[in-house]
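With the sequence shown counted from 1, adding 13 to any position gets you my numbering.
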Amino acid sequence: MKTILEALYRGHLHPDEAIVPSHPEYRSLSRQVSAQTEQWRNRLGEEAFRELEVYFDLCDSVDSMHVEAAFLHGFRLGANLMIEVMSKREELVPNEASGLSL
């Protein structure tokens, strides 16, 4: 079995493609979005709807950049938390000099 690091290096990890929100309202809201998209397509006609899709694509690009930045920030925060915890590890492990043993 590959390690996570090997899979990441070889480009085999695509967590963004495997994520399906587990929120109980996700599927219902997703269906509502699809239904309303069709309603707007019918109301506006193809040409106006294409212009609206261009706008939505721009919004999606901005949202994707924000999600990426939030992921990177959270990952760095988690990594720094691990470093902080591990750097204080020796304070948690009794040693012979303290007179305590495991």
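C-beta: ideal position from N, C-alpha, C; glycine also.
Got a sec, what are the start and stop residues for the alpha helix (DSSP H) residue 86 sits in? On the sequence shown, position 73 is the one that residue 86 refers to. Unbroken alpha helix (DSSP H) run through residue 86: 59 to 100.
Just curious, the alpha helix (DSSP H) that residue 26 is in, first and last residue? Here residue 26 is taken as the residue at index 13 of the sequence shown, counted from 1. Where residue 26 is concerned, there is no enclosing alpha helix (DSSP H), given that its DSSP letter is neither H nor E.
Mapping DSSP to helix, strand and coil, what is residue 16? Looking up residue 16 in the sequence shown gives position 3. Note: residue 16 maps to coil in three-state DSSP.
Could you check what DSSP says for residue 35 in three-state terms: helix, strand or coil? In the sequence shown, residue 35 corresponds to position 22, counting from 1. In this structure, residue 35 counts as coil in the three-state DSSP scheme.
Secondary structure of residue 106, DSSP reduced to three states: Mapped onto the sequence shown, residue 106 falls at position 93. Coil, per DSSP.
Taking the alpha-carbon positions, what's the residue 47 to residue 27 distance? Within the sequence shown, numbered from 1, the residue matching residue 47 stands at position 34. Within the sequence shown, numbered from 1, the residue matching residue 27 stands at position 14. Roughly 25 Å between the two C-alpha positions.
Just the C-alpha distance for residue 102 and residue 16, rounded to the nearest angstrom, thanks. Here the question's residue 102 lines up with position 89 in the sequence shown. Here the question's residue 16 lines up with position 3 in the sequence shown. Answer to the nearest angstrom: the Cα atoms are 25 Å apart.
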